[in-house]
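> Sharing a structure below in structure tokens format, with a few things to ask.
In the numbering used here, the protein residues as written are 26 to 166.
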């Protein structure tokens, strides 16, 4: 389960780095096949801010999650679940504001988010059960 979560977060980080850099280099969205006409009127007028969000949120946060999962698994599983929830929220907001412009990417992000939440919650529950069992064993001694 840990390897799956690490790979999913690594995938998010790679997409975050590439997408973020491409949107900042070409704020018109052309590098990703996007058009400024897709943006709502209230948005900044370019995809530059989205590039910053991708780079900051979907590159650095998953990397931190990976490090936590590998070094401090109890905290790392919470990070994985929160990162997954963030992906689900991001996907929802994106579809609500821009529409389904890149269906394959948006659906993939949503599914990765759901997978991370499910994995994270399953491991959190298992870790709690193990801790409770350890307490019972210690109390019985």
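Think of the CB as a built atom: it goes at the ideal place given N, C-alpha and C, for glycine as much as any other residue.
1. Can you give, in chain order, each stretch of the alpha helix (DSSP H) that sits fully within the segment 57-104 and has at least 4 residues?
2. How about residue 191 and residue 54: do their beta carbons lie closer than 7 Å?
3. Between residue 125 and the rest of its own chain, which residues show a CB-CB distance below 8 Å, the 5 nearest in sequence each way excluded?
4. Assuming contact is defined by CB atoms lying nearer than 7 Å, are residue 183 and residue 142 in contact in what I supplied?
5. Do the segment 85-101 and the segment 27-42 touch if we need at least three Cβ pairs shorter than 8 Å?
6. Quick check: what's the CA-CA separation for residue 111 versus residue 146?
Per the coordinate set shown:
1. 73-80 and 86-96
2. With the chain running from 26 to 166 in the structure shown, residue 191 is simply not present.
3. 131
4. No answer is possible for residue 183: the residues shown for the chain start at 26 and end at 166.
5. The segment 85-101 makes contact with the segment 27-42; the number of CB pairs closer than 8 Å reaches 3 or more.
6. Rounded to the nearest angstrom, the two C-alpha atoms are 14 Å apart.
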